[in-house]
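S.K.: Sharing a structure, written as structure tokens. Questions coming.
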Amino acid sequence: MKRLFLIEFHKLKNNRSAKVLSILYFALFFAITLFASIRFKFGSIDFQLAEQGIFNFPYIWHFNTYILALLKIFLAVVIVSMMSSEYTNRTLKQNLIDGLSKKEFILSKFLNVVFFAFASTALVFIVSLILGYSFSDFNELSIVFSDLEYLLAYFVKLLGFFSLCLFLGLLVKRSAFALGFLFLIWVFEGIVTLIVKFKAEGLDFILRFLPLESMSNLIIEPFTKMENIKMGAQAINPTFIKSYDVSFISILIVLAWTFIFIYGSFAILKKRDL
Amino acid sequence: MNKILELNHLTKKFGNLTAVNDLSFTIEKGNVYGILGPNGSGKSTTLGIVLNVVNKTSGEFKWFGNRENTHEALKKVGAIIESPNFYPNMSAEDNLKLVCKIKDVPYSKIEEKLKIVDLADRQKSKFKSFSLGMKQRLAIASALLNDPEILILDEPTNGLDPQGIHQIRQIIKNIAAEGMTILLASHLLDEVEKVCSHVVIIRHGKMLYAGSVDQMNATHGFFEVAANDSKKLEEFLNVQTYIEHFKIDDNGTYKAFLNKDFMADEFNKIAAESDIYFSHLIKRKETLEEQFLELTKP
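So the protein lines, in turn, are chains A and B. Going by full-length UniProt numbering, the first sequence opens with residue 1, and the numbers climb by one from there. Going by full-length UniProt numbering, the second sequence opens with residue 1, and the numbers climb by one from there.
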């Protein structure tokens, strides 16, 4: 296990573009949160995003995991390019000849995905904790550490998404095409959603099983949850009720996709002649 | 003798094309083997199968008498296939470190092996800055990292300049002299003839010959002769009992194949006594190349 992780980490450490993108990714984490704490003063306007209640515990867990998950595309590029370059440099072949089994190869890639997802989650936790303690109106421990399931959802979301990237990188063998393919899946899911919404409402239960849709279902948008916005929404539509909880089923669905992507990668690699 | 690799009725089909057809041979410890075959004869595919990168269609192969599964066995094998494959942005040293991690070998081996291939002073340079010859030498260093029980080389001198070819050959010779088992796939015959003790000849995925180089060369040789009166020469050759048969070459010389050892001076004397005077006489053996071309004639 450790050996496999170190093998992949060695590749990562010595890959310049992967290193730059990873550093950029983690730097953006801090940049975004720093931005939120800046106070804007334009004449009579005195605005600070942090004062709007977004950094209140426990709401901050929801808000930060939702916003920071948007950055995952950076690491997605790293994962796709690391995978497809194994094909273009034919190093995958050399790895196997050197004595890595196909299973070990996939496992080492997957461990790296887990590492990325875990490191991101840990960082979200730390950043949110710092911001929360700086700006939150409530600092009681019981409130600070409530709603932590958003972190779990965040972890699973990244895990599923990165596994999909890994799978596409292996399937398509070219990073640009793989990312294009990812975009196509996104468009395809949009079309399916539209068709179901307007033509076959009875089938809307299938939507939550679509891979990208299931990942975005893990953390529902946090904006309408904020008190003043929610009140506004209820004033317009008195029946406005929405669940913002992390659903257990959604986590299961994404974990199932993760398994399918990783096992699928292994099955493809096993079948292919290199 | 220790069996290192055993192939039993190995077959690989790509759609309609049979790249490897019912191939069986055994590699024993301490010998240097050459796999000969024209381009596209299935050499690389065969090596790909035993190296776990190509899936076989049928048949089987056993590493080290099947004591372990293939990828574990490969940790005791050193192999380079076709072109040297490394991470272009990593330094030579970092590339070898990665191989060490995969093969469970300590880093201390790196310097030792880089010295063998004369790359020790370039170990910090990126792989992509290397010339093809250096890349190939790095690949050999990488294959030697684990002090393998067998070294597999697939076309190691392909595309190199004369110096590069010479360097690689020298390295291979040195390694062979230390008693390592080597499997060398090549279509360059003098390469094989110079270093190999055994050959396997393949054409269209089928094995044509497997055995020692000496045995393959175990003919009595032939005389290459010419005389002004070719008609008289033919009559003369026809009646010599030690000459099995003869044929006329393009340039008008005759090749007279012997069925037993016979000295050239003796031959010359008999001819002179029969009033035939050679304008040209050479006794020689067929080169591996000539035998190979004979064997692989379409």
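All C-beta atoms in this analysis are idealised placements derived from N, C-alpha and C, irrespective of residue type, glycine included. Since this is a predicted model, take the numbers as computed values, not measurements.
For leucine 207 of chain A, which residues from the same chain have a beta carbon less than 8 Å from its beta carbon, with the 5 sequence-adjacent residues on both sides left out?
M.R.: Position 207 of the first sequence, counted from the start, is the residue given in the question as residue 207 of chain A. If we look at leucine 207 of chain A and ignore the five residues flanking it on each side, its Cβ neighbours are Val192, Thr193, Val196, Glu213.
S.K.: Helix, strand or coil: which one does DSSP assign to lysine 115 of chain B?
M.R.: For the purposes of this step, residue 115 of chain B is taken as the residue at position 115 of the second sequence. Lysine 115 of chain B falls in the helix class under three-state DSSP.
S.K.: Can you pull the chain A neighbours of lysine 115 of chain B, defined as C-beta to C-beta under 8 Å?
M.R.: The residue given as residue 115 of chain B occupies position 115 in the second sequence. What lysine 115 of chain B touches in chain A: nothing, since even the nearest Cβ is about 21 Å away.
S.K.: Short check: CB of lysine 43 of chain B to CB of glycine 34 of chain B, under 8 Å?
M.R.: In the second sequence, counting from the first residue as 1, residue 43 of chain B sits at position 43. In the second sequence, counting from the first residue as 1, residue 34 of chain B sits at position 34. For lysine 43 of chain B and glycine 34 of chain B, no; Cβs fall outside 8 Å.
S.K.: With 8 Å as the threshold, decide whether the Cβ of aspartate 94 of chain B is near any Cβ in chain A.
M.R.: If you number the second sequence from 1, residue 94 of chain B lands on position 94. Aspartate 94 of chain B counts as touching chain A.
S.K.: When the Cβ atoms of the segment 48-56 of chain B are set against those of the segment 114-129 of chain B, are three or more pairs found closer than 8 Å?
M.R.: No, they do not touch.
S.K.: With respect to the beta strand (DSSP E) encompassing phenylalanine 25 of chain B, which residues constitute its N-terminal and C-terminal limits?
M.R.: Mapped onto the second sequence, residue 25 of chain B falls at position 25. Per DSSP, phenylalanine 25 of chain B belongs to the beta strand (DSSP E) from 17-28.
S.K.: For asparagine 174 of chain B, count the other beta carbons within 10 Å of its own beta carbon; 16 or more makes it buried, fewer makes it exposed. Which is it?
M.R.: Residue 174 of chain B sits at position 174 when you count from the first residue of the second sequence. It counts as exposed.
S.K.: For the alpha helix (DSSP H) holding asparagine 95 of chain A, just list the boundary residues, first then last.
M.R.: Position 95 of the first sequence, counted from the first residue, corresponds to residue 95 of chain A. Note, asparagine 95 of chain A: alpha helix (DSSP H), 91-97.
S.K.: Contact defined as beta carbons within less than 8 Å: I believe phenylalanine 261 of chain A pairs with phenylalanine 167 of chain A. What is the distance between those atoms, to the nearest angstrom?
M.R.: Reading the first sequence from its first residue, position 261 is the one you call residue 261 of chain A. Reading the first sequence from its first residue, position 167 is the one you call residue 167 of chain A. Right, their Cβ atoms sit about 4 Å apart.
S.K.: Let's test the definition: count the other Cβ atoms within 10 Å of the Cβ of threonine 241 of chain B and tell me whether it reaches 16, buried, or not, exposed.
M.R.: For the purposes of this step, residue 241 of chain B is taken as the residue at position 241 of the second sequence. It is exposed - the Cβ of threonine 241 of chain B has fewer than 16 other Cβ atoms within 10 Å.
S.K.: Quick one: any contact between the segment 172-192 of chain B and the segment 140-159 of chain B, if contact means 3 or more CB pairs under 8 Å?
M.R.: Segments in contact, yes.
S.K.: Glutamate 6 of chain B by DSSP, collapsed to three states: which one?
M.R.: Working through the second sequence from its first residue, we reach residue 6 of chain B at position 6. Of the three classes helix, strand and coil, the one that applies to glutamate 6 of chain B here is strand, per DSSP.
S.K.: Tell me whether the segment 75-84 of chain B and the segment 63-77 of chain A touch, counting them as touching only if at least three CB pairs, one residue from each stretch, are closer than 8 Å.
M.R.: Result no; under three Cβ-Cβ pairs closer than 8 Å.
S.K.: Take lysine 103 of chain B and list the residues in its own chain whose beta-carbon comes closer than 6 Å to its own, dropping the five residues that flank it on each side.
M.R.: Your numbering for residue 103 of chain B matches position 103 in the second sequence. Cβ neighbours of lysine 103 of chain B beyond the five flanking positions: Lys75, Asn146.
S.K.: I need the straight-line Cα distance from isoleucine 106 of chain A to leucine 252 of chain A, nearest angstrom please.
M.R.: For the purposes of this step, residue 106 of chain A is identified with residue 106 of the first sequence, where counting begins at 1. For the purposes of this step, residue 252 of chain A is identified with residue 252 of the first sequence, where counting begins at 1. Whole-angstrom Cα-Cα distance: 22 Å.
S.K.: Would you identify the three-state DSSP class for threonine 287 of chain B, choosing helix, strand or coil?
M.R.: Position 287 of the second sequence, counting from 1, holds the residue named residue 287 of chain B. Three-state DSSP puts threonine 287 of chain B in coil, outside helix and strand.
S.K.: In the segment 79-103 of chain A, which residues sit with their C-beta less than 7 Å from some C-beta in chain B, listed in chain order?
M.R.: Residues Asn89, Arg90, Thr91, Lys93, Gln94, Asn95, Leu96, Ile97, Asp98, Gly99, Leu100, Ser101.
S.K.: Whole-angstrom Cβ separation of phenylalanine 57 of chain A and glycine 132 of chain A, contact assumed at under 8 Å?
M.R.: As a position in the first sequence, residue 57 of chain A is number 57, starting the count at 1. As a position in the first sequence, residue 132 of chain A is number 132, starting the count at 1. Yes, they are in contact, since the Cβ atoms of phenylalanine 57 of chain A and glycine 132 of chain A sit about 5 Å apart, within 8 Å.
S.K.: Can you list, in chain order, the stretches of the beta strand (DSSP E) that have 3 or more residues and sit fully within the segment 157-245 of chain B?
M.R.: Listed in chain order, the complete beta strand (DSSP E) runs (minimum 3 residues) inside the segment 157-245 of chain B are 181-186, 198-203, 206-212, 222-227.
S.K.: Output, in chain order, the set of chain A residues within a Cβ distance shorter than 9 Å of asparagine 21 of chain B.
M.R.: In the second sequence, residue 21 of chain B corresponds to position 21, counting from 1. Correct list: empty, because the minimum Cβ distance to chain A is about 17 Å.
S.K.: List the residues of chain A whose Cβ lies closer than 7 Å to the Cβ of alanine 79 of chain B, in chain order.
M.R.: What you label residue 79 of chain B is simply residue 79 of the second sequence in a count that begins at 1. Those are Ile97, listed as they occur along chain A.
S.K.: Output, in chain order, the set of chain B residues within a Cβ distance shorter than 9 Å of isoleucine 7 of chain A.
M.R.: As a working mapping, residue 7 of chain A is identified with position 7 in the first sequence. The answer, in chain order, is Leu98, Lys101, Ile102.
S.K.: Closest Cβ-Cβ distance between proline 88 of chain B and chain A: below 8 Å?
M.R.: Taking the second sequence and counting its residues from 1, one reaches residue 88 of chain B at position 88. It does: the Cβ of proline 88 of chain B has a partner Cβ on chain A nearer than 8 Å.
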